[in-house]
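Scroll down for the structure; my scribbles are underneath it.
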Amino acid sequence: WVQPAEPIKNIQLTIRGSDGSIDKVLLKDYAKSNEQQVFQNGSSDQFEIKHKDIGKIENITIGFDDNDQKAAWLLESVDIQYEEALYHFQAQCWLSSRLGQNFSWITMKPDPSNDVSKIFLYLHFPMLDIHYKVIIDTGESGINSNVILCIYGDENITKNFAL
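Number 167 marks the last residue of the sequence shown (the numbering used here); no jumps.
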């Protein structure tokens, strides 16, 4: 059982593609709406990031730093839309350094499923005008850390984007 806490603010996302990556983007800095705090209990949030094309998405790493071992986040899923493709990453797990070293991070490959979930992250790559949409579902527990997105491809890695 995890006691409810303030939302985690330092959630970071790295996306690795066949032609490059986007490294450790702090998600809260790329929220599409400033009306409310991101990663609230049971929330769905949208993010938009501009970056060059990284090709077909191969995997992502998402999580947060928590040296004090105080935070825990129930991550439901992440969805990323790239051109016409929708990549669904099913997590349904707790991320927390209380569980052990590096347990506040998870690396996932996309599921074959095309379920569209709640949180959208739109990535725009100006060189080829390609759009990525990342969807992240936060469980009812919420989060109180910063989020960063980074996308990896075969040839390049993006800078860290705070979300």
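Glycine is no exception: its CB is placed at the ideal position from the N, C-alpha and C atoms. Note that this is a predicted model, so its numbers are computed, not measured.
Span separating the alpha-carbon of residue i from that of residue j
i, j, result
"Asp69", "Ser108", "7 angstroms"
"Gly59", "Arg20", "9 angstroms"
"Asn63", "Gly46", "24 angstroms"
"Asp49", "Tyr86", "17 angstroms"
"Thr65", "Gln41", "22 angstroms"
"Ser101", "Ile110", "12 angstroms"
"Lys54", "Lys36", "12 angstroms"
CA nearest to the CA of residue i, picked from the options
i, options, result
"Gln105", "Leu79, Asp72 and Glu87", "Asp72"
"Ile61", "Asp141, Gly143 and Pro114", "Pro114"
"Met112", "Leu17, Leu30 and Lys13", "Leu17"
"Lys56", "Gln41, Lys74, Glu80 and Gly24", "Gly24"
"Glu144", "Ile53, Trp98 and Tyr34", "Trp98"
"Gln96", "Leu90, Ser81 and Leu103", "Ser81"
"Gln94", "Thr142, Phe51 and Lys74", "Thr142"
CB contact below 8 angstroms: residue i versus chain D
i, result
"Gly67", "Looking at the structure shown, chain D is missing, and only one protein chain is on hand."
Assumed close pair residue i, residue j - CB separation to whole angstroms, cut-off 8 angstroms
i, j, result
"Ile15", "Asp83", "With 8 angstroms as the limit, Ile15 and Asp83 do not qualify as a contact, their Cβ atoms being about 15 angstroms apart."
Beta-ladder partner(s) of residue i, from DSSP
i, result
"Glu27", "Before going further, note that residue 27 is Asp rather than Glu in the sequence given. According to DSSP, which records beta bridges pairwise, Asp27 is partnered with nothing at all."
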